[in-house]
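Below is one structure; the comments refer to it alone.
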Amino acid sequence: MSFRSVVVSAGGTREPWDEVRFLGNRSTGRQGCEVARAALETGADVTLVAANVEAALIPHGVKVVEAPTAEDMLRQMHAAAAGADLVVMCAAVADFRPIRVSGKITRHDATIPTLELERTPDVLMNLIEHRRENQTIVGFGALTGSEAQVREQGRKKALAKGADLLCVNRVGDGHGFATETNTLIFFDSQGTERGQASGTKLEVAEVMLRLAGEISQSH
Ligand code: CTP
Numbered sequence: 002m003s004f005r006s007v008v009v010s011a012g013g014t015r016e017p018w019d020e021v022r023f024l025g026n027r028s029t030g031r032q033g034c035e036v037a038r039a040a041l042e043t044g045a046d047v048t049l050v051a052a053n054v055e056a057a058l059i060p061h062g063v064k065v066v067e068a069p070t071a072e073d074m075l076r077q078m079h080a081a082a083a084g085a086d087l088v089v090m091c092a093a094v095a096d097f098r099p100i101r102v103s104g105k106i107t108r109h110d111a112t113i114p115t116l117e118l119e120r121t122p123d124v125l126m127n128l129i130e131h132r133r134e135n136q137t138i139v140g141f142g143a144l145t146g147s148e149a150q151v152r153e154q155g156r157k158k159a160l161a162k163g164a165d166l167l168c169v170n171r172v173g174d175g176h177g178f179a180t181e182t183n184t185l186i187f188f189d190s191q192g193t194e195r196g197q198a199s200g201t202k203l204e205v206a207e208v209m210l211r212l213a214g215e216i217s218q219s220h
């Protein structure tokens with residue numbers, strides 16, 4: 002089955018530290034944009050909730066909503082997910098953010114600043130808690146280590162998160178971020194491996210959409 006209304010988050014959040022600095026990560030948003038492109042190809046209405054995504058990566062035809070921080074991501078994903086039958090959390094959302102956002106720090110300040118962090122909301126878990134009837138929710142997980150370690154951690158993460166589908170990719174050591182291709186291993190909410198896909202980020206997105214469709218039908 003194909004989905005009618007798809008919401009995809011993409012990119013990496015930036016958590017303000019002072020007026021000019023932020024804590025960020027290396028996600029470019031390419032994989033999320035390719036999920037959006039694959040969904041458009043199936044004829045779905047697609048909303049891209051974008052955290053600092055380069056405009057050139059965004060496919061024509063999607064509705065774009067900006068969500069630069071984890072807090073924005075939580076708010077915008079909830080709003081967009083209200084009408085969606087497929088929700089894909091592809092964005093690399095910061096797990097921590099500075100507790101205080103100060104005025105601009107300068108190198109001439111009397112003391113060297115320390116950075117105190119607090120946890121951000123887990124958007125994926127929030128979306129799962131508030132899931133609409135007949136809504137399918139897909140998460141991503143970026144894991145490091147050997148292929149065997151990534152599989153084992155992926156299975157555990159799938160069980161812990163409870164998304165209908167968790168797409169696990171290996172990052173670090175030249176894998177994952179800022180690359181044209183990707184390898185994803187898919188787990189369902191029971192932690193069962195449902196397959197693997199390697200190829201361009203569009204090709205792996207197409208496999209993910211097919212699997213999500215199959216899982217949504219078996220509910
Ligand atoms: N995610 C989220 N909100 C956060 C952090 C992550 O919604 N504050 C989502 C991501 O979009 C992704 C999944 O959760 O779909 C990743 O889960 P997470 O536990 O953050 O895994 P990783 O960051 O990949 O790995 P870990 O934290 O275990 O190092």
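Numbering (the working numbering), first residue to last: 2 to 220.
Yeah, the Cβ is synthetic: ideal placement off N, Cα and C, and Gly gets one too.
| Check | Outcome |
| --- | --- |
| Residue 157 (DSSP reduced to helix, strand or coil) | helix |
| Between the CA atoms of residue 14 and residue 70 - distance to the nearest angstrom | 5 Å |
| Residue from 205, 5 and 125 with nearest C-alpha to residue 78 | 125 |
| Pair within 8 Å by beta-carbon distance, residue 47 and residue 30 | no |
| Contact belief for residue 85 with residue 6 at Cβ below 8 Å, rounded distance in angstroms | 5 Å |
| DSSP three-state assignment for residue 140, whether helix, strand or coil | strand |
| Any non-hydrogen atom of the ligand CTP within 7 Å of residue 140 CB | yes |
| Contacts around residue 160, its chain only, beta-carbon distance under 7 Å, and the 5 residues preceding and following it disregarded | 192 |
| Rounded straight-line distance, which links the Cα of residue 129 to that of residue 213 | 15 Å |
| Residue 31, DSSP secondary structure in three states | helix |
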